[in-house]
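Enquirer:
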Amino acid sequence: MSSEDILPENEAPFDEAAREAVDLGNRLMDANPEADPWEVASGLLSGAVHFWLHSRQPCGDPNCESCLSVSDAQSRLMALLDECKAEAEASFYYHSPTDSNAGHA
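Taken in order, the sequence shown gives residues 454 to 558; the numbers are from my numbering.
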């Protein structure tokens with residue numbers, strides 16, 4: 454059963470994009486069993502960062518309130534880092550039992 458078999462037809466674009474990124478990573482690893490998972494993940498991240506930055510280009514109107522938070526490169530970078538931090542902290546994989554600071558009984 455694929456993830457497509459269990460997802461609703463009206464899946465939100467955000468959820469669909471996230472699922473597709475994970476599915477692509479899994480397909481790349483399945484097709485290239487010798488590939489380094491870190492390299493594949495970094496490639497996916499690189500593409501996502503480029504797409505995110507492209508999608509946040511300001512419209513050109515210096516008075517546009519919608520573009521204010523992304524009106525310059527540094528502002529876009531800060532918004533990107535904030536979003537990445539929030540996504541990482543919300544991830545099931547954020548904490549690992551093998552983390553160096555994990556408690557052990």
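The C-beta atom is built at its ideal place from N, Cα and C for all residues, glycine as well.
Can you grab the Cα-Cα spacing for the pair Trp406 / Asp468, in whole Å?
Expert: The question about residue 406 has no answer, for the chain in this structure spans 454 to 558.
Enquirer: Kindly give me the distance between the Cβ atoms of Leu497 and Gly513, rounded to whole angstroms, as I take these residues to be in contact under 8 Å.
Expert: Leu497 to Gly513, Cβ: 30 Å. No contact.
Enquirer: Taking the alpha-carbon positions, what's the Glu540 to Tyr547 distance?
Expert: Across the structure, Glu540 and Tyr547 are spaced so that their CA atoms are roughly 9 Å apart.
Enquirer: Hey, quick one: how far does the alpha helix (DSSP H) through Ser549 stretch, first residue to last?
Expert: Per DSSP, Ser549 belongs to no alpha helix (DSSP H) and is neither H nor E.
Enquirer: Assuming Ala501 contacts Ala484 under a Cβ cut-off of 8 Å, what Cβ separation, rounded to an integer in Å, is found between them?
Expert: Not confirmed; about 20 Å, so no contact.
Enquirer: To the nearest angstrom, how far is the alpha carbon of Ser519 from that of Glu487?
Expert: 45 Å
Enquirer: To which residues of the same chain is Pro490 closer than 7 Å at the C-beta, ignoring the five residues directly before and after it?
Expert: Met482
Enquirer: Please return the same chain residues whose Cβ sits closer than 6 Å to the Cβ of Ala526, not counting the five positions on each side in sequence.
Expert: Within the same chain, Ala526 has no close Cβ partners at all.
Enquirer: With distances taken from CA atoms, which of Ala471, Pro466, Ala465, Pro515 is nearest Cys537?
Expert: Nearest of Ala471, Pro466, Ala465, Pro515 to Cys537, Cα basis: Ala471.
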